[in-house]
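Notes for the one structure printed next.
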Amino acid sequence: MNRWEGLDEFVAVAECGSFMRAAERLRVSSSHVSRQIARLEERLQARLLYRTTRRVSLTEAGHTFFARCQRLIEERDEAFLAISDLHSAPTGLLRMTAAVAYGERFIVPLVNEFMARHPQLRVDIELTNRTLDLVQEGYDLAIRLGKLGESRLVATRIAPRAMYLCAAPSYLERYGRPHTLSELARHNCLIGTSDVWSFQVAGREQHFKPSGNWRCNSGEAVLDAALRGFGLCQLPDYYVQGPLQRGELVSVLEANQPPDTAVWAVYPQRRYPLPKVRLLVETLKDGLARRHEYAGSPS
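Okay, so the sequence shown: first residue is 1 according to full-length UniProt numbering, each after it adds one.
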């Protein structure tokens, strides 16, 4: 006797509320579904369903059994999927989103490398600085920067992200180097996509609202303005690491540098992620680690 016999049919009837609809889902006859459930009830010595000419409903025993059977069938199917995925190449359409500047500079080139290795895959990339609802809008993957809000999405860290407060030597020569957070209010601040700068004071995060005569929602533009000596900026490491090493920028208030955050790959929760998502996330993580902007950064 196969101990799985009747479980698929029972769960289908419980979910569909009808023998006919369950049979259509399973692509079998209604009589087959009825027969399998009758045999299951006989084995269990318990009635699972109330049947009338108009509707089907669960008995008390049926409710208890249904919850357990659902999990069993899901885990069985996912176990088979996990093994088959090991041997399957990514196919179909992968929809993903990333922030505009970071996506153009870092993510899209790596996705293109991935596509070259898997030409049977189709990719639809939306570069936007809006936080999209992946489930509602049908996206498989998003690349997000910094701190993540609470979410039912799965998040995988694919790269470090440290923030630096810095300025050109010419600016510091003219206006002086700030040594405390309170001195920032006297400086011209170059404002990018965030209206708030974060710092760390005595182990706790502290926020500062910058003000100044320059603003642009582009990290590259903020960097260019800082290099020209227009003011102080707070930017991620991948923008300023090179200029800092070359002496074109100087890091200030290093004792108050905010806690490191990260670059994240986030995707809808599944027990086993889709092969195309899992493989692309691995490719992005490995590819970002090879970029010179991340040289020497903690993994």
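For glycine and all other residues, C-beta sits at the position ideal for the given N, C-alpha and C.
- Counting every other CB atom within 10 Å of its CB across the protein chains shown gives leucine 235 a total of 16 or more, marking it as buried.
- Ranking Gln200, Tyr175, Leu184 and Arg215 by CA distance to the CA of serine 194 puts Arg215 first.
- By the criterion of a C-beta distance shorter than 7 Å, aspartate 260 is surrounded in its chain by Pro160, Arg161 and Ala162, once the five residues flanking it on both sides are discounted.
- Counting along the chain, leucine 145 sits inside the beta strand (DSSP E) bounded by residues 141-145.
- Contact between valine 100 and leucine 127 holds: CB atoms are separated by about 5 Å, below the 8 Å threshold.
- Fewer than three pairs of CB atoms, one per stretch, sit closer than 8 Å, so the segment 274-286 makes no contact with the segment 179-199.
- Between alanine 265 and isoleucine 143, the CB-CB gap stays under 8 Å.
- In the three-state reduction of the DSSP assignment, glycine 92 falls in the strand class.
- Leu190 is the residue among Ser211, Ala202, Leu190 and Gln241 whose C-alpha sits nearest the C-alpha of glycine 229.
- Going by DSSP, glutamine 234 is part of the beta strand (DSSP E) stretching over 233-236.
- Rounded to whole angstroms, the separation of the alpha carbons of arginine 47 and glycine 62 is 7 Å.
- Around the beta carbon of glycine 6, a 10 Å sphere encloses 16 or more other beta carbons of the protein chains shown; the residue is thus reported as buried.
- Per DSSP, isoleucine 125 is one residue of the beta strand (DSSP E) stretching across 121-127.
- In the structure shown, the three-state DSSP call for cysteine 166 is strand.
- Cβ contact annotation for serine 151 (same chain, cutoff 8 Å, sequence separation greater than five): Val266, in chain order.
- Residue environment analysis places phenylalanine 80 among the exposed positions, since fewer than 16 neighbouring C-beta atoms fall within 10 angstroms of its C-beta.
- Scanning its chain for C-beta atoms nearer than 6 Å, with the 5 sequence neighbours on each side dropped, one finds around valine 33 the residues Glu9, Phe19, Ala22 and Ala23, in chain order.
- Taking lysine 147 as the centre and dropping the five residues before and after it, the same chain places the C-beta of Thr261 closer than 6 Å to its C-beta, in chain order.
- In the structure shown, alanine 67 falls within a helical segment according to DSSP collapsed to helix, strand and coil.
- By the 16-neighbour rule on beta-carbons within 10 angstroms, histidine 187 is buried.
- In this structure valine 240 is in contact with leucine 223, their Cβ atoms being roughly 7 Å apart against a cut-off of 8 Å.
- Residue pairing by DSSP places tryptophan 197 opposite Phe208 in a beta bridge.
- Rounded to the nearest whole angstrom, the CA to CA distance from alanine 116 to valine 281 is 16 Å.
- As the crow flies, the alpha-carbon of valine 252 is around 58 Å from that of arginine 68.
- Taking the Cα of isoleucine 107 as reference, the smallest distance to any Cα among Leu145, Ala12 and Ala202 is reached at Leu145.
- About 6 Å separates the beta carbon of glutamine 70 from that of valine 11, a gap short enough to meet the 8 Å contact definition.
- Contact check for alanine 226 and alanine 167: beta-carbon distance about 6 Å, within the 8 Å limit, so the pair qualifies.
- In the DSSP assignment, tryptophan 4 is bridged to no other residue.
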